[in-house]
Amino acid sequence: MPNQCTINHIDHIGIAVKNIEQSAAFFTSIFGVPKPIISEILDQQVKATLIEIGQTRIELLEATNDDSPVGRFISSKGEGLHHLALNVDSISDKLETLKELNIDLIDQSPREGLSGTIAFIHPKSVFGVLTELVESDSLES
4 MPNQCTINHI DHIGIAVKNI EQSAAFFTSI FGVPKPIISE ILDQQVKATL IEIGQTRIEL
64 LEATNDDSPV GRFISSKGEG LHHLALNVDS ISDKLETLKE LNIDLIDQSP REGLSGTIAF
124 IHPKSVFGVL TELVESDSLE S
């Protein structure tokens, strides 16, 4: 069997928004989720929050700089689905496997993100969908 990048489950779905406070309030008032905590991630130039919904989560992302990746995404595509995040074990090993399989990576090595240790796969390798790998012990695999 060839090398594979096995996944545990969908970790979260990222949604790019223009105003994270208004977007979080929408999920709280319409869907009854608890008020989420909003964090600023300086190196990614975003304000972000994770809304817990069962085993998966929704991540809201607001750009803090129009020239950041999320800022450029909103400028060109508007608000909406930004990325799909897949929960994995041993993220460093998964990245090595993907390199061996000639998958285009945005991140050559893992880094810290809001949801745990993360790395992004280039959308051109996954049918136009920006895909994030997440290694996190906050949810059961």
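Reading the sequence shown from the start, the letters are residues 4 to 144 in my numbering. Glycine included, every Cβ here is placed at the ideal spot set by N, Cα and C.
Would you decide whether residue i is buried or exposed? Buried here means 16 or more other CB atoms lie within 10 Å of its CB.
i             : result
threonine 9   : exposed
serine 79     : exposed
glutamate 43  : exposed
leucine 53    : buried
valine 132    : exposed
leucine 56    : The amino acid at residue 56 is misidentified as leucine; the sequence shows isoleucine. Isoleucine 56 comes out exposed.
isoleucine 33 : exposed
Do residue i and residue j have their CB atoms nearer than 8 Å?
i             : j             : result
leucine 87    : isoleucine 16 : yes
glutamine 48  : histidine 12  : no
isoleucine 23 : isoleucine 41 : yes
threonine 31  : lysine 21     : no
aspartate 107 : histidine 85  : no
arginine 60   : aspartate 110 : no
leucine 51    : leucine 117   : A small fix is needed here, since residue 51 is alanine in this sequence, not leucine. In contact: alanine 51 and leucine 117 (Cβ atoms closer than 8 Å).
serine 112    : leucine 98    : yes
Reducing DSSP to helix, strand and coil, say where residue i ends up.
i                 : result
isoleucine 23     : helix
phenylalanine 123 : strand
glycine 74        : helix
asparagine 6      : coil
Contained beta strand (DSSP E) runs [length at least 3] in the region 27-62, N- to C-terminal order = Whole beta strand (DSSP E) segments, 3+ residues: 42-44 and 49-56.
Complete alpha helix (DSSP H) runs within the region 84-136 (minimum length 4 residues, chain order) | The alpha helix (DSSP H) runs of length 4 or more contained entirely in the region 84-136 are, from start to end of the chain, 94-103.
Is the region 66-73 close to the region 86-103, with three or more CB pairs under 8 Å?
-> By the Cβ rule, the region 66-73 does not count as touching the region 86-103, because fewer than three pairs are nearer than 8 Å.
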